[in-house]
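Asker: In this note's numbering, the protein residues as written are 123 to 311. Got a structure for you, written out below as structure tokens; questions coming shortly.
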């Protein structure tokens with residue numbers, strides 16, 4: 123079983139386990155570090171949604187940097203079980219909620235709670251879920267606070283996703299090798 127390290131914050135240097143043989147593609151350390159450099163290091167008080175959570179590295183990094191809570195959505199039950207185990211080992215499980223299923227379906231149905239200040243979405247590169255997740259966030263009233271930030275990770279050979287309408291516009295894209303991070307702000311017209 124491989125491991126990833128938490129890059130910064132109260133859990134800095136701690137390791138999380140990656141399930142062997144899974145289809146999980148963890149966000150590399152340097153991309154996570156760059157992501158949180160852009161978002162700001164202090165996420166104190168933020169409520170975070172980690173859609174397509176996989177290892178949970180993004181959400182756990184947010185907790186390490188002060189987020190008050192993270193809701194993790196993961197479709198693979200074995201990966202979700204490992205994520206829960208990682209949260210327990212880090213002693214942050216009381217600040218976590220774990221939801222199994224397809225992110226875009228659960229979000230649109232209003233089954234993930236909220237409102238969220240920050241949404242981190244790292245869908246499988248082979249599945250174009252960025253747009254459906256953005257649309258789901260808009261379809262479920264009360265899911266996002268005003269000016270919530272949404273980050274979608276994608277492979278650079280694919281275009282950035284866009285939401286229907288203009289209430290969740292793309293405001294920035296950052297590229298790191300084959301990985302792109304697209305930043306959206308809710309309610310910014």
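Don't be surprised by glycine CBs; every beta carbon is placed ideally from N, CA and C. Nothing here was measured: the structure is a model prediction, and the numbers come from that model.
In three-state terms, what does DSSP make of residue 283?
Answerer: coil
Asker: Report all residues from its chain with a CB closer than 8 Å to the CB of residue 199; omit the five preceding and five following residues, and keep chain order.
Answerer: The answer, listed in chain order, is 222.
Asker: Could you pull the start and end residues of the beta strand (DSSP E) that residue 268 belongs to?
Answerer: 266-277
Asker: Does the pairing of the segment 298-308 with the segment 267-274 give three or more beta-carbon distances under 8 Å?
Answerer: yes
Asker: Going by DSSP in three states, residue 226 sits in which element: helix, strand or coil?
Answerer: Here residue 226 sits in helix by DSSP.
Asker: Give the DSSP bridge partners of residue 173, in chain order.
Answerer: According to DSSP, residue 173 bridges with 243.
Asker: Can you name, in chain order, every residue of its own chain whose Cβ lies under 8 Å from the Cβ of residue 207, other than the five neighbours on each side?
Answerer: 139
Asker: When burial is assigned at 16 or more other CB atoms within 10 Å of the CB, is residue 149 buried or exposed?
Answerer: Residue environment: residue 149 is assigned as buried (16 or more neighbouring CB atoms within 10 Å of its CB, all protein chains considered).
Asker: Relative to the alpha-carbon of residue 183, which residue among 196, 174 and 165 has its alpha-carbon at the smallest distance?
Answerer: 165
Asker: Could you round the C-beta distance between residue 214 and residue 185 to whole angstroms and report it? I think they count as a contact, below 8 Å.
Answerer: 5 Å
Asker: Tell me, to the nearest whole angstrom, how far the beta carbon of residue 238 is from that of residue 266; I am working on the premise that it is less than 8 Å.
Answerer: Indeed, because the Cβ distance is near 6 Å, the residues count as touching under 8 Å.
Asker: Helix, strand or coil for residue 231, going by three-state DSSP, please let me know.
Answerer: coil
Asker: Taking C-beta to C-beta, are residue 189 and residue 229 nearer than 9 Å?
Answerer: Not closer than 9 Å, so no.
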